[in-house]
Every structure is written in structure tokens, then in C-alpha cells.
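First the structure, in the form of C-alpha cells, and then the observations on it.
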Amino acid sequence: MKKFLLLIAATVMTVTAYAKDIKTVTFTVDPPMHCEKCEARIKNQLKFEKGIKKIDASAEKQAVTIVYDADKTSTAKLAVSLKKIGYAAKVKK
Amino acid sequence: MRLIISAIILFTIFPLHGAVKVRGGVTAEDGEPLAGATVIWVGSSRGTVTDEDGLYEITRPKGASLLVASYVGCVADTVSVAPDEKEVNFELKYNILGEINVNARGKGLRRLQGVENSSLMGRTELFKAACCNLGESFTTNPSVDVTYSDAATGAKQIRLLGLSGSYVQMLTENIPNFRGISSPYSLGYVPGPWMQSIQISKGCSSVKNGYESITGQIDIEYLKPQSEEQFNANLYGDSKAKIEANADGNIHITDKLSTALMLHYEDALADHDENKDGFSDAPRIRQVNALNRWAYFSPRYIMQTSINLIDERRKSGVSDHTIHSLTEDDIRQMSSFGNMLIKSRRYDVWSKNAFIIDPDDGRNIAIMLNYSNQTNDGIYGQRTLDSYQSTFYGSLMFETNASAPHSLSAGVSLNNDHLRHISNMSELVTRTTETVPGIYAQYTFNHEDKVVAMAGLRYDHSNLFGSFVTPRAHLKWNIRPNLSLRGSAGKGYRTVNSMAEYSYLLTSSLPVVFESPFGRDEAWNFGISSSWSFSLWNRNFSLAGEYYYTTFEKQLIADRESNPSVIQVLQSDSRSYSHTVQIELTAEPFKGFTVTGAYRYNDVRETYSGVLLRKALVPRYKGLVTASYTTPLELWQFDATLQLNGGGRMPAAPVIDGKAAWGSTFKSYTRLNLQVTRHWRNISVYVGGENLTGFTQKNPVVYLPSADLYDPTMVWGPVHGAMFYAGFRLNLKK
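Just so you know, the sequences run in chain order A and B. Just remember that the numbering used here sits 2 ahead of the position in the first sequence, which is counted from 1. Here the numbering used here is used: position 451 in the second sequence is 437, and no number is missing along the way.
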């Protein structure tokens, strides 16, 4: 019984691990970020979006790096979210 | 309910402006984001308030080019904004003089930079616990203790520097409030969700707000109508069948005028008798509370006005739970002692008006007015006491710029208290009026923000107690930017309405003798404190220590020692003092996790019939550990508070059949509170538990029917065991 449960657990874990499509995207924003206040504003907007794992907004690098679950959100959705607070976001190549 | 619905409709149908917006942030010179800072366009006076991260966004009216950011406690800054500029950031210098009164939403507890030893609890700190009202908001605070005066009325008392809360001056928006007959219940009069912040100042305070503060001041700032338009609602329920509902919203009517409405309802749906002594453990409280406030900001005139209405009922006595297991005779006898009902009605109206003479150097004249009116109709077992009080307070102040090396504040004030007591005990029937006009001046010297000295003097005249002088002085020395030392010395006076402040003693079946309707407290307070922030192993730490000594020259005391069978409320001029030492360490071991440990030792003594004794029911020490963890995206928050309360002495007990009615000491105990909060964009949900160690005082009500003794005032510990609660907060921004 124990082995059976372990097997199920292992399967479920493997499936979820495979199912999750974790991606990283880096945006540049317009208007550019000037300081930590702009960084905070961006973080506060994005943190409530679905599928967000990690946000790093840096005025110094002029980059917003987001780790997200591609099954739950997309770069387009994230850009729309940033648009709501007045930032036009472009994917940094 | 209709009001709430209309408020929701109002907020949802508001059109969005398509106008040009300017945004940015406001920080203090040390980089600390300033939440609640005011940002206004000069001329048009379109204004906003920064959010919890110190950020703002403001619509730009046509032709506006000068933007001013101001924050009480900081020097205001004006910036010229070019037509195409979209972002303006402010860095405000601390004005480290005089009273500092800051509203922070971001950080939890902050130590303030002023010359006084003050700390500020913002909404983050307040939301770490269920915080249903002002009284419950100090659970996470090491400096303030909250205790029940008795198990019947449930009146809550705070203790600061080991002394009763009556020596602390209560202010709402920097105006003295909740005095006299409202003081026993006033901690329940300010619902938690209505508060923007609470400022606690220890020591003798400044002379600006009168002569009354002895051990300190607690100032409550309510939510502001001028802040960003929003609607908030909150529902709360707990395992003790208490429910609460709050709603508030604000609207900007014009560029200059804004208003906010706050509503509160609470009710206890059932009573509890956990120790099965037949009496309710705590009263059932039902309260309806409404507050409407207005703000008007123009470059030369600022007005803030508020009206608050409160209706409250407190009921306790024989518990519904145990009533069926008692005989009729038992019920009759228990009811004749223990049935208590207090109905309170209160309204207060205050208005603050500032006329800015010179916006450049901050010279202004301010007028503060406050009128309050309260009735308490009380039945305490066989005794009745109906009290009425009306209070008028007016103050006119002149101030010069607080950032200059020399600054001056001067003013006149008038306080009038009218009190009436009607009772079935003829000796309690009284009628008194006290009128106190006063004048003050306060000078502050600032040497390059390195050394700040503040000295104030008041002269007041009471029609009951004659003329008196109040001197107070403060000194702050910034030894290094991260290390400061403060000292203060000063005098305080208080007219005490004995029946108003000690009405809870009437719940005891023992005879209560009030020597006179009015008493007088007169005391000196001396204190030194130091705070130091430092880095170790790449982590930030802050360490604070303080010592305060309060000594009374005159004091109204409740003497239960001279004759344990009688409670005497009398004027004493014998030795009475308090020494308190407190040490507090805060650390952030890893990102998102902060922990604070604090320890305070109290030595409080009073003289009864020539014998100096430790004050009864005051714990000898208090330890506090709070830990708070926020996940990296700040979606989850975990808070834990562990209180260690020391033991102490009990009042002398009447001896019945050769046996003392209660013990001579009480033991130490610990209390654990936990809370988990999950934030979404517009909703936060919280669940938690209080007193999870489950410790309760066995007999908060002393009842010996054979000797006709009933006394619910021997409370020193929790009356409720573990309690669980849940609630949510809704926040909708335009």
C-alpha cells in the first residue's frame, strides 16, 4: 500500500513538474524607471498577476525580469498589466 | 447598509480622468519611503497622498507648475515641474524638532526622529493582529500593556511606563480627547480599520497640548479624506461569537474639498462562561459608531473637521450558559450582585484650522476646537450611576518654521469640563464644572540637527485648584547618524473625576468610599533613552534602551490595603513612584523575516496608610517576542507574538471565616498569538488565534455568597482561553 502511494505521489510530482512551463522574460519599459519607487510600483502591479514566480525590477539595468509559469500567463498578458499603470513594455532581446 | 451600497455605487461609477498625470515618490533623507505624505499643486491645490510605498500619482491641472510635497515631521519641498515632465521625486529633510506626528502605512513600527522618544505604528503593524479596535492594537507593542480593569464592565486600561493609562494623554489628530467619563471605555471607541496610525510618545511630552500628560501621549490618526479615493470594507468573526463590520470611503468633491465616511458595527452574539462560575467571563458589547470628516486644503488655509457618533451597550452578569443549572435563589442572589448594564452615548466634533501666514518659512496660526458630550447610564449590581460630561477645548497656536535654528511656538487654550453624576447612592450625586484657561510658549534650538533642545512652559488657572505652572524640557543628541541619545524632564497635572475613572470599582460588592468628587494628580517625569542601528554579518539590527522615573507629589489613589473590606478612593500626597527600564532589539535575519525581542522591568510603588507597597495587579516584568515573515512577492504574511507577563502582588483581601478571599500574589503567564494573512489585489483574508497557550485566570470573579462578597476587579490575566478568528479586508481604489 505504502509503495503504491509513493508511486502515485512520484507520478503526480513528475507530471506537475513537466506540466509547469517556467519561463523568464526581461522587459524594458517606457517611460524608463528612474529609481526604486518605479521599481516598487512595477512589482506591486505584477505580483498579483497569475503565474508570477519572481519579479526583479531594476532601474539601474533598465530591465524588469519576470519568472513566470507560461501555462498561466504570457508575455502579452504581462505587458497589458504594465500598460494599466502607464508603462509600455517591450521584450528585451 | 444603504449607505454602504451607495458608497460602493459612488465609487464604481466615478469616471476616470484622461488628464495628464505626474507621478513619483516621496522619501525622507534617509531613503525611508514616506507613506501618507501630501503632494499638492500650488495654486490649484489639487492634492493627493502617497501610498504605502511612498508613491503618488497626481493629475496636472492646466497651468500648474509648482508641486509641493509635505509630511508632518519633515520640511516641505517645492519643485518646479516642466510641462513635459512626468515624474517628480521628493527627498524631504527631517525636521527633528518638536512634536513629530507621522502617518506611515508602509513600515510597521517606526522609531521617530523627533526630540521626544516616540514610535509610530502604521497600518502594517496594526494589521499584524485582528486589531478590532484601539485597545487591541497594542498586542504587538512592547511599550504599552493592555489590561482589563475588571471582568464585569470589560473596561480596558492601558499601562505605559508601568503606570495606569489615565496618566497618558489621549489625543485624536493631535487634539486632547476621550477624557473623564469616556476614559474607561475609550480604547473601544476607535475601530482598528479606521486608524491610519498610532503614535506613542513616552515621557513628559511638549506643553502644546496642555498640562495633562504625565507618562506620555498616544495620538490616533484616522484615515484621511484627502488620500487617494477608495472604499474599504472589513468583516470579522471569532470563536467567541463576536462579529464586526466596518466600511469607509472617501471622495474628493473639488480640488480642495474632500470628505470621508467611516462606519462600524460590533456585537457579541453570545456570552461565555469558560470557568463555569455562573458569571459571564466578559461583557457583551454592542456598538454602533460613525465618523464623518472633511478636509479643505488651499495654499493659505487648511481645515479639517470631524464628527463622531457612538452608541454602546455593555452587559454582563449571570451567564446564559449556566443559568439553567442554577436554583432560582442562586440566580436571584447572583443577579443582585453581578448584573451590570452600561449604556453610553457620545458625540464629539472637532475642527482644526490653520492659516498660513508665510508659506516659505512655515509661519502659521492654528485654531483647534473640540466639543464632546457623553452620557453613561450604568447599573452595577445594586448600585446605579448615571454620568454626564460635556467638554469644550479650544486652542490657538502660533508657530514659526520648525527647521530654522531657532523656532518658537506659543498659544492660549481653554478647557471646560462639566460633569454630573446621578446615583441611588446619595453620596455620589454631584455636579461640578472646571474651567481652565492657559497660556504657553515653547522654544526649540537646533544646532545642525546634531543637538536639538526644546523647552516649554505653561501657566494655567483652574477654578477648582488655582494657578499652576508646567515646565518641560527635552534634549536630543545625535552622537552619530545611527546613534542618538534623548533626555526629558517635566511636570504634569491632572484633574481626576474620581467617580468617572473609578466607576468600575462599583461592580464590587465591597463598600466604595469616594473621598471627594475631584482629585488632583501632580507628578514629575524624568527619562533617558537611546537608540542605535547597526550592521552585523551584513544584517541590520536596531537596539533601543530607556529608563523612566515618575514621582507623584499628589495622586488620587484607590486604597484597598488600609482596610481590605472597604475601597477608599482618596487624595494622597505620600510617596508614590514608578521606575521602568526597557530594552528592545530588532533584527532581520533574512529578507522578509523580522524579529523583535523586548524586556521591561517595572517597579511601581504607592503608600497606603504610611506603608510603601508595590502597586497591586501590576506585573513586575514583561517580555515580548514578535516575529513576522513576508513571502518574497508579499502575498503571504505570517505573524507571531509571544508575551511573557510577570507575576506581582494582589491587593489585600478581606478575610472571611478566617480565610483570605483571594491569594496575596499572582503568577507569571505567557500568551501566544498567531496570524496568517493572504493578500490579493483588492482583498486580504486573515485567520488567526489569540491566547493559543490557553492560559486563563481561574477566578476572575471572586464570589462568596455566604459572605455577600462579589468582586470582579481582581483581574490580572486572560479571562478567555484560546480564541480563533477570521476576517477579510476589501480595498477598492478608483
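Note that CB positions come from ideal geometry on N, CA and C, so glycine has one too.
If we cut at 7 Å on Cβ distances, does B/Y366 have a partner in chain A?
Walking along the second sequence from the start, residue 366 of chain B turns up at place 380. So no, B/Y366 is outside the interface.
Which one or two residues does DSSP pair with B/G11 in a beta bridge?
For the purposes of this step, residue 11 of chain B is taken as residue 25 along the second sequence, with counting starting at 1. DSSP lists B/L41 as partners of B/G11.
Using the DSSP secondary-structure output, state which residues sit across from B/T593 in a beta bridge.
Numbered from its first residue, the second sequence carries residue 593 of chain B at position 607. According to DSSP, which records beta bridges pairwise, B/T593 is partnered with B/L598.
Assess, as a yes-or-no matter, whether the segment 518 to 534 of chain B is touched by the segment 606 to 618 of chain B under the definition of 3 or more beta carbon pairs within less than 8 Å.
no
With 16 as the cutoff for other CB atoms within 10 Å, does B/T651 come out buried or exposed?
The residue you call residue 651 of chain B lines up with position 665 of the second sequence. Exposed: under 16 other Cβ atoms inside 10 Å.
Residue from B/V567, B/S192, B/P170 and B/V671 with nearest C-alpha to B/A530:
Against the second sequence, residue 530 of chain B aligns to sequence position 544. For B/A530, the nearest C-alpha among the options comes from B/V567.
Beta strand (DSSP E) segment containing B/I200, residue limits
As a first step, residue 200 of chain B must be located in the second sequence, where it is residue number 214. Counting along the chain, B/I200 falls outside any beta strand (DSSP E), and DSSP gives it neither H nor E.
With 7 Å set as the bound, which would you pick, yes or no: does the beta-carbon of B/L491 sit closer than that to a beta-carbon of chain A?
As a working mapping, residue 491 of chain B is identified with position 505 in the second sequence. No - not a single Cβ of chain A is within 7 Å of the one on B/L491.
Buried or exposed: where does B/D722 fall if 16 or more other Cβ atoms within 10 Å of its Cβ makes it buried?
The requested residue 722 of chain B does not occur in the structure, where chain B is confined to residues -13 to 720.
Which first and last residues belong to the beta strand (DSSP E) in which B/F500 is found?
Walking along the second sequence from the start, residue 500 of chain B turns up at place 514. Start and end: V498 to F500.
Close beta carbons around B/A712, own chain, < 6 Å, minus the five adjacent residues each side:
If you number the second sequence from 1, residue 712 of chain B lands on position 726. The residues are V673.
Does the beta-carbon of B/F576 have 16 or more other beta-carbons within 10 angstroms, so that it is buried, or is it exposed?
By 1-based counting over the second sequence, the position of residue 576 of chain B is 590. By the 10 Å Cβ count, B/F576 comes out exposed.
B/I543: CB within 6 Å of a non-hydrogen atom of the ligand SAM
Absence of the ligand SAM is noted for the structure shown, with no ligands found whatsoever.
With a threshold of 7 Å between beta-carbons, can A/A90 be considered close to chain B, or not?
For the purposes of this step, residue 90 of chain A is taken as the residue at position 88 of the first sequence. No, A/A90 lies away from the interface with chain B (no Cβ there is under 7 Å from its Cβ).
Consider the Cβ of B/K72: report whether some Cβ of chain A lies at a distance smaller than 7 Å.
The count along the second sequence starts at 1 and reaches residue 72 of chain B at position 86. By this cut-off, B/K72 is an interface position.
Should B/W702 be labelled buried (16 or more other beta-carbon atoms within 10 Å of its own) or exposed?
Position 716 of the second sequence, counted from the start, is the residue given in the question as residue 702 of chain B. Buried.
What do you get for B/H460, buried or exposed, if any count of 16 or more other CB atoms within 10 angstroms of its CB means buried?
As a position in the second sequence, residue 460 of chain B is number 474, starting the count at 1. Counting Cβ neighbours within 10 Å, B/H460 comes out buried, since at least 16 surround it.
Taking only beta-carbon positions, decide if A/P33 is within less than 7 Å of chain B.
If you number the first sequence from 1, residue 33 of chain A lands on position 31. True, the Cβ-Cβ gap to chain B drops below 7 Å.
Going by C-alpha distance, which of B/Q623, B/T572 and B/S595 is nearest B/L585?
For the purposes of this step, residue 585 of chain B is taken as residue 599 along the second sequence, with counting starting at 1. In the sequence as presented, Leu is not what sits at residue 585 of chain B; that position holds Tyr. For B/Y585, the nearest C-alpha among the options comes from B/T572.
Take the Cβ of B/V705 as the centre, count every other Cβ of all protein chains shown within 10 Å, and call the residue buried at 16 or more, exposed below.
In the second sequence, residue 705 of chain B corresponds to position 719, counting from 1. Buried: at least 16 other Cβ atoms inside 10 Å.
Using DSSP with H/G/I as helix, E/B as strand and the rest coil, what is B/A708?
To locate residue 708 of chain B, count along the second sequence from 1; it is residue 722. Correct three-state label for B/A708: coil.
Suppose you measure from the CA of B/T682 to the CA of B/E260; what does that come to, to the nearest Å?
The sequence position of residue 682 of chain B within the second sequence is 696, counting from 1. The sequence position of residue 260 of chain B within the second sequence is 274, counting from 1. The straight-line gap from Cα to Cα measures roughly 9 Å.
Identify every residue that forms a DSSP beta bridge with B/N103.
Taking the second sequence and counting its residues from 1, one reaches residue 103 of chain B at position 117. For B/N103, which the question treats as bridged, DSSP gives the partners B/K188.
Just checking my contact of B/V28 with B/V54 at CB under 8 Å: how many whole Å lie between their CB atoms?
Start at 1 with the first residue of the second sequence, and residue 28 of chain B comes out as number 42. Start at 1 with the first residue of the second sequence, and residue 54 of chain B comes out as number 68. About 6 Å; that satisfies the 8 Å criterion.
Could you tell me whether the Cβ of A/A110 comes closer than 7 Å to any Cβ of chain B?
Here chain A comprises residues numbered 3 to 95, so residue 110 of chain A is not present and cannot be evaluated.
Go ahead and pull the three-state DSSP assignment for B/H258.
Numbered from its first residue, the second sequence carries residue 258 of chain B at position 272. Looking at B/H258 - three-state DSSP - the assignment turns out to be coil, as it is neither helix nor strand.
For the putative contact between B/N275 and B/V304, defined by C-beta atoms under 8 Å, what is the C-beta separation to the nearest angstrom?
As a first step, residue 275 of chain B must be located in the second sequence, where it is residue number 289. As a first step, residue 304 of chain B must be located in the second sequence, where it is residue number 318. Incorrect: roughly 28 Å between the Cβ atoms, too far for contact.
Closer than 8 Å is the cut-off here; do at least three beta carbon pairs connect the segment 308 to 317 of chain B with the segment 327 to 336 of chain B?
no
For A/F50, decide whether its Cβ has a neighbour in chain B, counting only Cβ atoms nearer than 7 Å.
The sequence position of residue 50 of chain A within the first sequence is 48, counting from 1. A/F50 counts as touching chain B.
For the beta strand (DSSP E) holding B/G478, just list the boundary residues, first then last.
Taking the second sequence and counting its residues from 1, the one referred to as residue 478 of chain B is at position 492. Taken as a continuous stretch (DSSP letters only), the beta strand (DSSP E) holding B/G478 covers L469 to N483.
When burial is assigned at 16 or more other CB atoms within 10 Å of the CB, is A/F29 buried or exposed?
Position 27 of the first sequence, counted from the start, is the residue given in the question as residue 29 of chain A. Its Cβ being crowded by 16 or more others within 10 Å, A/F29 is buried.
Three-way DSSP call (helix, strand, coil) for B/T110 in this model
As a working mapping, residue 110 of chain B is identified with position 124 in the second sequence. Note: B/T110 maps to helix in three-state DSSP.
Beta-carbon proximity of B/S548 to B/S489, cut-off 7 Å:
As a position in the second sequence, residue 548 of chain B is number 562, starting the count at 1. As a position in the second sequence, residue 489 of chain B is number 503, starting the count at 1. Taking 7 Å as the Cβ cut-off, B/S548 and B/S489 do not qualify as a contacting pair.
Take A/F22 and list the residues in its own chain whose beta-carbon comes closer than 8 Å to its own, dropping the five residues that flank it on each side.
The residue given as residue 22 of chain A occupies position 20 in the first sequence. Position check: residue 22 of chain A holds Lys in this sequence, whereas Phe was assumed. Hits under 8 Å: D71 and D73.
Which runs of the beta strand (DSSP E) fall wholly inside the segment 279 to 341 of chain B and span at least 3 residues, in chain order?
287 to 302
What three-state label does DSSP hand B/T493 in the structure shown?
In the second sequence, the residue the question calls residue 493 of chain B occupies position 507. B/T493 falls in the helix class under three-state DSSP.
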